[in-house]
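Peer 1:
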Amino acid sequence: MKNKNLFWLLVLAALWGPSFLFIKVAVQDFPPLTLVSLRLGMAAVVLYAMLRLSGGRLPRDFAFWKKFLFMGFFANTLPFTLFSFGEQFADSGAASILNGSTPIFTVLIAHFLIEDEHLTPSRLGGVLLGFIGILFIFLPDFRALISGNTLRGGMETIGLAAFIVAAICYGIAIVYGRLRLRGLPRLVGPSAQLICSTAMALPLALIIEQPFQLTPSLAAWGAAGILGIFGTAIAYLVYYRLVDTASATFLSFVTYLIPPIGVILGMVFLHEQPGWYSLAGLVLIILGVMIVNGTFPHTWDRLRRVNLV
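Below is the structure:
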């Protein structure tokens with residue numbers, strides 16, 4: 003079972019890690035809300051079809067759908083839009099790094115809302131270390147603003163700030179899911195979540211961006227399709243499989259794998275050049291997340307147990 007879980011963990015990282023690269027490619031031709039609507043719509047169709055083929059159905063009561071409207075907004079519609087918006091101005095590698103700060107914000111939100119997940123001194127230390135890493139990511143933009151380069155510093159800072167807000171949204175969704183959405187049959191939760199998030203994103207895209215006159219390139223269409231089918235629909239299936247079979251600690255290892263994948267892909271395919279501050283921020287954020295998750299002191303032993311080393 004451990005070897006199978008390791009395989010699916012690596013698959014999940016391989017599905018989520020390149021998402022930031024494909025967002026960067028797609029937003030060259032698609033406005034953010036239009037891209038998000040395509041991504042969510044494709045994933046919703048795939049998962050709902052799988053649900054029905056497996057004999058499942060979605061509940062019809064309002065209380066169920068009200069929960070997933072909230073979940074869909076904070077887990078998909080808003081953060082996906084923020085990443086798509088932010089990558090118009092900032093690197094995909096920076097997006098992947100700041101996405102990795104999600105556990106930092108999750109533990110802060112959980113401290114106030116979940117009774118048995120209060121901050122300990124070590125977790126607080128991890129949070130502070132993660133915030134220092136975030137500041138490193140912003141360092142060159144702060145310098146640009148101070149020197150009067152408001153064009154570079156201003157727009158890129160806005161993009162980076164959008165990534166931070168997206169990570170906070172994920173933290174809210176994770177905590178809400180723990181409190182309100184446990185015990186649902188397989189495929190019901192993700193299908194409902196993607197349907198609700200699509201229903202919120204699509205009307206906004208049609209009204210605000212009016213995408214009917216767009217002429218996207220083949221590369222943009224391909225990137226959008228990969229995001230919808232692989233980065234969302236299939237990734238959700240793998241993620242919920244791991245939720246059923248692996249511990250939360252084991253699953254948290256995907257948090258450490260995604261940022262390096264995103265940075266490397268951005269460098270190779272988009273010729274991004276992260277400075278030392280970005281790499282330092284990456285290391286500090288990952289260390290902070292490891293401390294927050296309680297994995298830092300025993301990481302080597304845990305890796306040996308799952309045959310990673």
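Counting from 3, one number per residue, gives the positions in the sequence shown under my numbering.
Ideal Cβ positions, reconstructed from N, Cα and C, are used throughout, including at glycine.
#1: For residue 267, which option in 178, 20, 289 has the closest C-alpha, if you only look at C-alpha atoms?
#2: Just checking my contact of residue 202 with residue 74 at CB under 8 Å: how many whole Å lie between their CB atoms?
#3: Just mark residue 54 as buried or exposed, buried being the case when its beta carbon has 16 or more other beta carbons within 10 Å.
#4: In its own chain, which residues sit with a C-beta less than 8 Å from the C-beta of residue 166, not counting the 5 before and 5 after it?
#5: Taking DSSP as the reference, what is the three-state secondary structure of residue 91?
#6: Under the three-state reduction of DSSP, which class applies to residue 19: helix, strand or coil?
#7: Would you give the residue range spanned by the alpha helix (DSSP H) that residue 120 belongs to?
#8: Where do the ends of the alpha helix (DSSP H) carrying residue 232 lie?
#9: Would you tell me roughly how many angstroms separate the C-alpha atoms of residue 259 and residue 39, rounded to the nearest one?
#10: For the segment 140–181, which segments carrying the beta strand (DSSP E) assignment without a break, of at least 3 residues, lie completely within its bounds, in sequence order?
#11: Evaluate residue 293 with the Cβ neighbour count: other Cβ atoms within 10 Å of its Cβ, from every protein chain shown; 16 or more gives buried, anything less gives exposed.
#12: Could one say the Cβ of residue 187 lies closer than 8 Å to chain C's Cβ atoms, at least one of them?
#13: I need the straight-line Cα distance from residue 241 to residue 45, nearest angstrom please.
#14: In its own chain, which residues sit with a C-beta less than 8 Å from the C-beta of residue 119, not counting the 5 before and 5 after it?
#15: For residue 94 versus residue 208, is the C-beta spacing smaller than 8 Å?
#16: Locate the alpha helix (DSSP H) running through residue 246, then write down its first and last residues.
#17: Identify whether residue 295 lies in helix, strand or coil by the three-state DSSP scheme.
#18: Between the alpha carbons of residue 5 and residue 205, how many angstroms are there, rounded?
#19: Between residue 7 and residue 247, how many whole angstroms is the CB-CB distance? I'm expecting something under 8 Å.
#20: Would you mind giving the Cβ-Cβ distance between residue 170 and residue 91, rounded to the nearest angstrom? I have them listed as a contact below 8 Å.
#21: Please confirm whether residue 264 and residue 97 have their CB atoms less than 8 Å apart.
#22: Measuring CA to CA, which of 276, 30, 183 is closest to residue 142?
#23: Going by the beta-carbon positions, is the gap between residue 216 and residue 32 smaller than 8 Å?
#24: Find out if the Cβ-Cβ distance for the pair residue 71, residue 196 is shorter than 8 Å.
#25: Residue range of the alpha helix (DSSP H) that residue 190 falls in?
#26: Which of helix, strand or coil does DSSP assign to residue 288?
#27: With DSSP collapsed to three states, give me the class of residue 42.
#28: Identify the continuous alpha helix (DSSP H) that holds residue 262 and give its terminal residues.
Peer 2: From the atom records:
#1: For the purposes of this step, residue 267 is taken as the residue at position 265 of the sequence shown. Out of 178, 20, 289, 20 has the C-alpha closest to the C-alpha of residue 267.
#2: As a position in the sequence shown, residue 202 is number 200, starting the count at 1. As a position in the sequence shown, residue 74 is number 72, starting the count at 1. So it is a contact: roughly 7 Å between Cβ atoms.
#3: Position 52 of the sequence shown holds residue 54. Around the beta carbon of residue 54, fewer than 16 other beta carbons lie within 10 angstroms, which makes this residue exposed.
#4: Position 164 of the sequence shown, counting from 1, holds the residue named residue 166. Result list for residue 166: 100, 103, 136, in chain order.
#5: Walking along the sequence shown from the start, residue 91 turns up at place 89. Residue state, collapsed to three classes: coil.
#6: Translated into the one-based positions of the sequence shown, residue 19 becomes position 17. Coil.
#7: As a first step, residue 120 must be located in the sequence shown, where it is residue number 118. Neither: residue 120 is in no alpha helix (DSSP H) and is coded neither H nor E.
#8: Within the sequence shown, residue 232 is the residue found at index 230, counting from 1. Unbroken run through residue 232: none, as it is neither H nor E.
#9: Position 257 of the sequence shown, counted from the start, is the residue given in the question as residue 259. Position 37 of the sequence shown, counted from the start, is the residue given in the question as residue 39. C-alpha separation (whole angstroms): 27 Å.
#10: none
#11: Here the question's residue 293 lines up with position 291 in the sequence shown. It is buried - the Cβ of residue 293 has at least 16 other Cβ atoms within 10 Å.
#12: Reference to chain C is not applicable here, since this structure consists of a single protein chain.
#13: As a working note, residue 241 is residue 239 in the sequence shown. As a working note, residue 45 is residue 43 in the sequence shown. Taking the straight line joining both Cα atoms gives about 14 Å.
#14: Position 117 of the sequence shown holds residue 119. Closer than 8 Å at Cβ, skipping near neighbours: 109, 112, 113.
#15: For the purposes of this step, residue 94 is taken as residue 92 along the sequence shown, with counting starting at 1. For the purposes of this step, residue 208 is taken as residue 206 along the sequence shown, with counting starting at 1. No.
#16: Taking the sequence shown and counting its residues from 1, the one referred to as residue 246 is at position 244. 237–247 is the extent of the alpha helix (DSSP H) around residue 246.
#17: Indexing the sequence shown from 1 puts residue 295 at position 293. Residue 295: coil per DSSP, three-state reduction.
#18: On the sequence shown, position 3 is the one that residue 5 refers to. On the sequence shown, position 203 is the one that residue 205 refers to. If you take the alpha carbons of residue 5 and residue 205, they lie about 44 Å apart.
#19: Residue numbering aside, residue 7 sits at position 5 when the sequence shown is read from its first letter. Residue numbering aside, residue 247 sits at position 245 when the sequence shown is read from its first letter. Their Cβ separation, rounded to whole angstroms, is 6 Å, which keeps residue 7 and residue 247 in contact under 8 Å.
#20: In the sequence shown, counting from the first residue as 1, residue 170 sits at position 168. In the sequence shown, counting from the first residue as 1, residue 91 sits at position 89. The Cβ separation is near 19 Å, so there is no contact.
#21: Within the sequence shown, the letter at position 262 stands for residue 264. Within the sequence shown, the letter at position 95 stands for residue 97. Contact flag set, yes.
#22: Within the sequence shown, the letter at position 140 stands for residue 142. If we check each option's Cα against that of residue 142, 276 comes out closest.
#23: Stepping through the sequence shown from its first residue, residue 216 is reached at position 214. Stepping through the sequence shown from its first residue, residue 32 is reached at position 30. Judged by beta-carbon spacing, residue 32 lies within the 8 Å limit of residue 216, meaning their Cβ atoms are closer than that value.
#24: As a working mapping, residue 71 is identified with position 69 in the sequence shown. As a working mapping, residue 196 is identified with position 194 in the sequence shown. Not closer than 8 Å, so no.
#25: Here residue 190 refers to the residue found at position 188 when the sequence shown is read from its first residue. Its alpha helix (DSSP H) spans residues 190–206.
#26: The residue given as residue 288 occupies position 286 in the sequence shown. Residue 288 sits in a helix when the DSSP states are folded into three classes.
#27: Against the sequence shown, residue 42 aligns to sequence position 40. Note: residue 42 maps to helix in three-state DSSP.
#28: Taking the sequence shown and counting its residues from 1, the one referred to as residue 262 is at position 260. Looking at the DSSP string, the run of the alpha helix (DSSP H) that includes residue 262 is 255–272.
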